[in-house]
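Mind the numbering: the sequence shown is residues 1 to 260 in full-length UniProt numbering, read in order.
All C-beta atoms in this analysis are idealised placements derived from N, C-alpha and C, irrespective of residue type, glycine included.
Treat the numbers as computed from the prediction; the structure is a model and nothing was measured.
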Amino acid sequence: MMRKGLIFGFAALAAVSTGALFNTNSAKAAGEAIALPQLEWSFEGMFGTYDRASLQRGLQVYREVCSGCHSLDYIAFRNLADLGYSEDEIKAMAAEVSVVDGPNDEGEMFEREGRPSDYFPAPFPNPQAAAFANGGAIPPDLSLMAKARADGPNYLHALMIGYVDPPADFELAEGSNYNAYFPGHQIAMAAPLFEDAVEYADGTPATVDQMATDLAHFFMWTAEPKLEERKGMGIKVLIFLLVFCGVLYAAKRKVWADVH
Numbered sequence: 001m002m003r004k005g006l007i008f009g010f011a012a013l014a015a016v017s018t019g020a021l022f023n024t025n026s027a028k029a030a031g032e033a034i035a036l037p038q039l040e041w042s043f044e045g046m047f048g049t050y051d052r053a054s055l056q057r058g059l060q061v062y063r064e065v066c067s068g069c070h071s072l073d074y075i076a077f078r079n080l081a082d083l084g085y086s087e088d089e090i091k092a093m094a095a096e097v098s099v100v101d102g103p104n105d106e107g108e109m110f111e112r113e114g115r116p117s118d119y120f121p122a123p124f125p126n127p128q129a130a131a132f133a134n135g136g137a138i139p140p141d142l143s144l145m146a147k148a149r150a151d152g153p154n155y156l157h158a159l160m161i162g163y164v165d166p167p168a169d170f171e172l173a174e175g176s177n178y179n180a181y182f183p184g185h186q187i188a189m190a191a192p193l194f195e196d197a198v199e200y201a202d203g204t205p206a207t208v209d210q211m212a213t214d215l216a217h218f219f220m221w222t223a224e225p226k227l228e229e230r231k232g233m234g235i236k237v238l239i240f241l242l243v244f245c246g247v248l249y250a251a252k253r254k255v256w257a258d259v260h
């Protein structure tokens with residue numbers, strides 16, 4: 001009974017959290033199911049892994065497009081080693097930001113060059129400043145966004161490519177933007193991506209779809225950076241269990257051989 005209660009509690013908490021994150025402004029769209037484009041992701045399946053090239057491109061788009069409004073609170077620069085960056089490259093990226101530290105010997109805060117151990121700096125000093133700069137809406141942290149909604153990677157990709165002209169009979173609230181895949185179709189955030197918004201370091205054409213795909217891939221990694229380790233451990237456990245079952249079966253045959 002206690003176990004069922006805990007499961008129900010966690011399920012209720014997840015439902016409330018998801019509803020709070022993705023509350024819509026349109027009662028008309030309540031309960032509306034929106035079909036999302038389904039992409040094939042390299043990290044899907046038992047043997048899935050992250051595509052390092054896509055992760056690096058996603059990081060580039062985040063840094064050049066998204067980081068001006070959205071934070072990445074749970075990712076430190078040193079974590080980028082998982083994306084294939086060298087120690088020198090990580091140090092160089094960290095050094096590009098200024099970090100408030102202190103207090104010093106005089107009791108005052110000061111700014112210093114970023115270090116690999118630092119976390120990505122927030123674009124605003126506090127929620128009030130974030131709301132003031134964005135018309136009252138606080139841009140959410142994106143670290144766990146790919147896990148905050150069912151089918152997260154496909155949802156994030158769809159959201160980025162979903163900015164289109166509204167239907168003729170659609171009433172768009174002032175200050176909102178139409179998005180075909182956002183619940184209610186009205187979203188405060190303007191379209192963040194446009195063709196060639198970045199110049200990819202690896203020469204990949206920076207189409208809206210490509211940038212959206214790379215961003216979704218990157219945010220899946222930020223939400224679950226240990227996915228590959230988890231899958232690797234699961235495979236090892238399955239192999240162990242198969243071998244162990246074989247040993248037990250052989251032992252059973254040996255012990256009961258005389259009986260049969």
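DSSP places Y62 in the helix class (H, G or I) of the three-state scheme.
Distance from the CA of E111 to the CA of D101, rounded to the nearest whole angstrom, comes to 6 angstroms. Apart from sequence neighbours up to five positions away, the residues of its chain that approach C66 with a beta-carbon distance below 8 angstroms are L142, P192, L215, ordered along the chain.
Distance from the CA atom of L80 to the CA atom of A94, rounded to whole angstroms, is 10 angstroms. Rounded to whole angstroms, the Cβ separation of I75 and P183 is 27 angstroms, and the two are not in contact under 8 angstroms. Taking all protein chains shown into account, F219 has 16 or more neighbouring C-beta atoms within 10 Å of its C-beta and is therefore buried.
By the criterion of a C-beta distance shorter than 8 angstroms, L59 is surrounded in its chain by L80, L83, F218, once the five residues flanking it on both sides are discounted. Taking each of Q38, L238, F47 in turn and checking the Cα distance to L227, the smallest one comes out for F47. DSSP places S54 within a helical segment (H, G or I) once states are collapsed to three.
E40 and T213 have their C-alpha atoms some 10 angstroms from each other. The beta carbon of V255 sits closer than 8 angstroms to no other beta carbon from its chain once the five residues preceding and following it are set aside. Under the 8 angstroms Cβ criterion, the stretch 85-99 counts as touching the stretch 107-126, having at least three qualifying pairs. Here F110 is bridged, per DSSP, to D101. The criterion of a C-beta distance shorter than 8 angstroms is not satisfied by Y178 and A158. If you draw a straight line from the Cα of E108 to the Cα of A197, it is about 40 angstroms long.
Taking the Cα positions, I138 is about 5 angstroms away from A130. Using a Cβ distance threshold of 8 angstroms, R78 and P116 count as a contacting pair. Cβ contact annotation for N104 (same chain, cutoff 8 angstroms, sequence separation greater than five): F110, in chain order. The DSSP-derived three-state label of I138 is coil. The beta carbon of P166 sits closer than 6 angstroms to the beta carbons of L172, Y178 from its chain, once the five residues preceding and following it are set aside; these are given in chain order.
Under the three-state reduction of DSSP, Q186 is assigned to strand.
With a 10 Å radius around the Cβ and a threshold of 16 neighbouring Cβ atoms, V164 comes out exposed. With distances taken between CA atoms, G203 lies nearest to R57 out of A150, R253, V247, R57. Here A190 is exposed, its C-beta having fewer than 16 other C-beta atoms within 10 Å.
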